[in-house]
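Read the structure below first, then the notes.
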Amino acid sequence: MANNNNQSFDNTQSQPFDDAQGKPVNTGAGDQGSGSLTDRLNNVAQASPGQPPQNLPGAAPASAPQDKLVPEPGPAAADQQQPRTMMTDMGQMTPPAAPANQPSFTPAGIDANEPMFTPETANGMEMEPDIAGSKSHTLWWILGIVMGIIILGLIGYFVVYPIFSSGEPVINPPVAEQPATEDQPGQSELLSHTSAFKGAPQGQITVSLDGTVTSAAVTTTLRREAAELPDGLTEIIFTDGAGNQVPFGQFVAAVAPSLGDQESTAALFADDFTAFIYKNADGIWPGYIGKLDATDPAALTAWFEALEASSLGEFFVTSPGDFQEFRNGTVLGLPDRFAPTETAGASLGYLANETEVLISTSFEGMKEAIRLLGWAS
1 MANNNNQSFD NTQSQPFDDA QGKPVNTGAG DQGSGSLTDR LNNVAQASPG QPPQNLPGAA
61 PASAPQDKLV PEPGPAAADQ QQPRTMMTDM GQMTPPAAPA NQPSFTPAGI DANEPMFTPE
121 TANGMEMEPD IAGSKSHTLW WILGIVMGII ILGLIGYFVV YPIFSSGEPV INPPVAEQPA
181 TEDQPGQSEL LSHTSAFKGA PQGQITVSLD GTVTSAAVTT TLRREAAELP DGLTEIIFTD
241 GAGNQVPFGQ FVAAVAPSLG DQESTAALFA DDFTAFIYKN ADGIWPGYIG KLDATDPAAL
301 TAWFEALEAS SLGEFFVTSP GDFQEFRNGT VLGLPDRFAP TETAGASLGY LANETEVLIS
361 TSFEGMKEAI RLLGWAS
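UniProt numbering puts the first residue of the sequence shown at 1, with every later residue one more than the last.
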């Protein structure tokens with residue numbers, strides 16, 4: 001009995017039933033073993049929860065054949081088991097086919113020297129070429145023109161000019177050298193005179209001593225000019241025949257020869273000096289102002305001693321008579337030395353103030369000269 005049941009199970013297991021007749025279906029020799037088992041396993045796996053599996057041994061056949069419900073395992077089932085990714089999707093994509101009769105285009109070659117683009121200005125016009133390049137060309141043109149002018153000038157000076165000026169050179173005749181004229185002793189080349197007076201005198205005249213300067217020539221000139229002068233102090237400028245002022249050393253040596261040679265006076269005083277005439281009711285009284293040119297006190301003291309020892313009457317236009325001894329005095333606050341005479345108003349006095357020496361033949365004339373010199377205190 002047991003054997004019959006087992007045999008029935010095996011037959012059922014190997015032969016599926018037909019849904020309509022409840023009879024086993026003949027599937028062929030090759031599908032009896034493996035196909036029936038597979039169908040059953042699929043039915044077990046796909047059974048819903050709470051439902052018994054189908055096609056178990058002894059169970060009623062299903063309404064539909066099981067081989068129609070469960071697909072056979074194959075490549076598609078294996079593919080469904082793989083996870084879906086972007087790479088799998090891209091692998092399944094098929095590139096589109098190129099359209100037929102597509103036109104071909106080959107770009108032209110690129111010129112390396114051609115600029116990539118030409119900038120335009122706001123008004124749509126193309127920009128001017130490089131300004132720096134144009135300036136460089138202009139500078140070279142200017143330099144070339146300047147160099148050309150210089151070269152032409154050099155050619156004209158060293159080549160053309162000698163051709164047209166190749167005549168005989170003009171030879172100037174030698175000029176005979178004039179022998180140097182030696183100045184006579186005491187001659188002066190002073191052409192101008194500067195007055196020692198700070199104030200304005202009564203007048204100023206210029207007299208010429210033609211020929212040799214002597215005491216007689218000076219006395220005669222003073223008498224002649226004073227006859228036409230008003231009272232007061234008038235400045236006199238003595239000149240020689242050439243119009244030069246007579247130097248002080250030469251003039252004093254001519255007026256008072258007993259004072260000594262003119263070299264001793266010229267060594268102490270400058271050539272320019274100031275002479276004057278003071279005229280009043282008592283007569284005509286000359287005077288002289290010399291400017292010291294040396295600062296040797298001993299030499300000046302020796303010159304004053306020689307003055308006091310000289311013939312004092314030589315300084316006067318008219319002889320004043322006998323002289324008394326020199327004595328110390330004061331004139332307008334300045335110390336002086338003077339020698340009175342027998343004639344009223346006549347006395348020979350002298351004084352030194354800073355760099356100037358005043359000699360006068362009248363006391364009144366000395367005071368007026370001090371005022372004009374600006375020495376009065």
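Note that CB positions come from ideal geometry on N, CA and C, so glycine has one too.
Check	Outcome
Just the Cα atoms here: how many angstroms apart are residue 273 and residue 255?	14 angstroms
Using the three-state DSSP reduction, which class does residue 348 fall into: helix, strand or coil?	strand
So residue 366 and residue 373 are supposed to be a Cβ contact under 8 angstroms. How far apart are they, rounded?	In fact, because the Cβ distance is near 10 angstroms, the residues do not count as touching under 8 angstroms.
So, helix, strand or coil for residue 84, using DSSP?	coil
Would you mind sorting residue 140 into buried or exposed? The rule is 16 or more other CB atoms within 10 Å of its CB.	exposed
Just list the residues that DSSP pairs residue 339 with in beta bridges.	348
Please state whether the Cβ-Cβ distance between residue 324 and residue 346 is less than 8 angstroms.	no
Kindly list the residues whose CB is nearer than 7 angstroms to the CB of residue 48, restricted to its own chain and excluding five residues on each side of it in sequence; keep chain order.	Caution applies to residue 48, whose pLDDT of 47 falls short of 50 and renders its modelled position unreliable; the value that the coordinates give is listed next. Answer for residue 48: no residue qualifies.
Pull up the CB-CB distance for residue 195 and residue 287, whole angstroms please, since I reckon it's below 8 angstroms.	That belief does not hold up - the Cβ atoms of residue 195 and residue 287 are roughly 14 angstroms apart, past 8 angstroms.
How about residue 351 and residue 336: are their beta carbons less than 8 angstroms apart?	yes
Considering Cα atoms alone, identify which of 84, 343, 317 and 333 is closest to residue 220.	317
With a threshold of 16 other CB atoms inside 10 Å of the CB of residue 245, please say whether the residue is buried or exposed.	buried
Name the residue from 355, 293 and 368 whose alpha carbon lies nearest to the alpha carbon of residue 271.	293
Is the CB-CB distance between residue 326 and residue 308 below 8 angstroms?	yes
What number of angstroms, rounded off, separates the C-alpha of residue 252 from the C-alpha of residue 329?	24 angstroms
Who are the Cβ neighbours of residue 342 in its own chain at under 8 angstroms, not counting the five residues just before and after it?	320, 321 and 322
Helix or strand or just coil, what does DSSP make of residue 317?	coil
Quick one: what does DSSP say residue 141 is sitting in, helix, strand or coil?	helix
Could you check the C-alpha separation between residue 280 and residue 260 for me, to the nearest Å?	31 angstroms
Can you give me the start and stop residues for the beta strand (DSSP E) that residue 239 sits inside?	232-239
What are the boundary residues of the alpha helix (DSSP H) that includes residue 208?	Here residue 208 belongs to no alpha helix (DSSP H); instead the beta strand (DSSP E) covers 203-208.
Classify residue 331 as buried or exposed, calling it buried when 16 or more other Cβ atoms lie within 10 Å of its own Cβ.	buried
Could you pull out every residue in the same chain whose Cβ sits closer than 8 angstroms to the Cβ of residue 375, ignoring the five residues on either side in sequence?	332, 334 and 353
So residue 278 packs on residue 233, CB below 8 angstroms; how close in whole Å?	5 angstroms
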